[in-house]
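Enquirer: Before anything else, here's the structure in question.
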Amino acid sequence: MSLGSSIRTAILLSAIVITVEGYLPAGSRVRVGTTTMGGVGDDRGARMSSTSPPSSMTTSIASSRASISATSSNDQDYDDGGDDPILGIIFDIDGTLADSWNLGYRATLAVLARYHNDHRHIDDGGSGEDGVVDSSLSSFSSSSSSSSSSSCRLTPETYPLSPEEYHHGCRYTTPERLARHVGLVPDHPSFAAVGEALGREFDDYYVRLVDRDTAGFYGGIADLLVGLNRGADDAEVGADGSGSATGLKLGALTNACVEYAHAVLRANCPKFSNSDSSSVDDGDDDDDDDENYIYERFSSIHGANSVPRPKPYGDGILKCCEEMNLHPSRVVYVGDAPTDARAAVDAGCRAAIGVLWGSNDEECLRKEAGFATLCRNVEELATAIERFL
């Protein structure tokens, strides 16, 4: 069975007719458009915590695949960059494979509230406990809502950070995002130190809470991974493309910590039957061989803390390609953020594919020339990948 047929069989037999009950933060609004999945739209403040698209986006995979040329988020066809098929694919995690926005948002609020409470007394002339973090709070206080005075103790529920602000911050690494959230700018002398301290606390909190409820795969992703990887090791394939195989090597790269990447993939990746590419279970059967566990089939997994420089630099993609024994020109990168496209271009990937169910809307991603195409749902993503095979 060809890779294209394997992907189609895996996804079609999964019978993805998806509905969702979503978590909505208090006071938030949802705009569910015909170009989005998981609540992505002009009003990015509302997101679904479910691993499935909203019910209004329920779609027939067959009809989606048949109409891909007419409904693609890009107005023009893209060039696959050559005749040689790709041999590997690297995925971003948050907003691409996993719907983890609510976990990240709540963890962010918890860390920032604790930071605020530990240092709020500086407005009364006190000095902080470390002398480094204290200097940032005056900036944060001046930019916060007047109803949230720094002299008041805050909880995650009362911390003045909106979902929109959180999503905007997701384009940065965790330390930089958190430093910005407390009001620092990159040229502030404490920017790096504050960010690193908050980042360590966030990572510890974040990783411990990962499970299928807090950071579950989007509907159809598990089947897609199985279909893509099926047969990848049937034959030896050199980095120059010599040899043959019927599947793609898998990699993952996130701007979160590498421990988080492993936790999400372990929690979500399914087990599967060697004899039937469409047979995917919930991954809870400890009797299955590790080689039938898609998590174990990832050739490379990295995060911002395991590569020289995070996205938008291409260092992480290059490190993944090295461990996958593939040249970047034989690899496609899939992500939901501008930094994903820039990293793919920097690394020299065959292409970057953007997805519209993460933290960035179509208007934002269309500005990135590095994306070969944008996909509204997993079926469109499968079709886009097949065009590079």
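In mature numbering (1 follows the signal peptide of the UniProt record, and there is no 0), the protein residues as written are -22 to -1, 1 to 367.
Quick reminder that beta carbons are idealized off the backbone N, C-alpha and C, glycines included.
1) Just to confirm before moving on: does the CB-CB distance between residue 387 and residue 331 stay below 8 Å?
2) For residue 355, which of 171, 197, 158 and 233 has the nearest alpha-carbon?
3) Per DSSP, what kind of secondary structure is residue 97 in: helix, strand or coil?
4) Candidates 363, 142 and 62: which alpha carbon is nearest residue 82's?
5) Using CA atoms only, rank isn't needed, just tell me which of 274, 85 and 311 is closest to residue 289.
6) Mapping the DSSP letters down to three states, classify residue 139 as helix, strand or coil.
7) Please state the DSSP three-state secondary structure of residue 353.
8) Does DSSP put residue 230 in a helix, a strand or coil?
9) From the DSSP output, read off the bridge partner residues of residue 312.
10) Using a Cβ-Cβ cut-off of 7 Å (strictly less than) and excluding sequence neighbours within five positions of residue 276, which residues of its own chain qualify?
11) Pick helix, strand or coil for residue 295, following the three-state DSSP scheme.
12) Determine the extent of the beta strand (DSSP E) in which residue 414 is found, giving its start and end residues.
13) Have a look at 341, 161 and 186 and flag the residue whose alpha-carbon is nearest the alpha-carbon of residue 93.
14) Between the beta-carbon of residue 66 and the beta-carbon of residue 236, is there less than 8 Å?
15) Can you tell me which of the three DSSP states residue 150 falls into?
16) Helix or strand or just coil, what does DSSP make of residue 77?
17) Consult DSSP for residue 173 and reduce its assignment to one of helix, strand or coil.
18) Are the CB atoms of residue 173 and residue 156 within a distance shorter than 8 Å?
Expert: Let me lay it out:
1) Nothing in the structure corresponds to residue 387, since the chain is present only between -22 and 367.
2) When each option's Cα is compared against that of residue 355, the closest is 197.
3) helix
4) 142
5) 311
6) coil
7) strand
8) strand
9) 69 and 331
10) 228, 229, 230 and 243
11) helix
12) The structure shown does not extend to residue 414, since the chain is modelled only from -22 to 367, so the question has no answer here.
13) Measuring from the Cα of residue 93, the nearest candidate turns out to be 161.
14) no
15) Three-state DSSP puts residue 150 in coil, outside helix and strand.
16) strand
17) helix
18) Yes.
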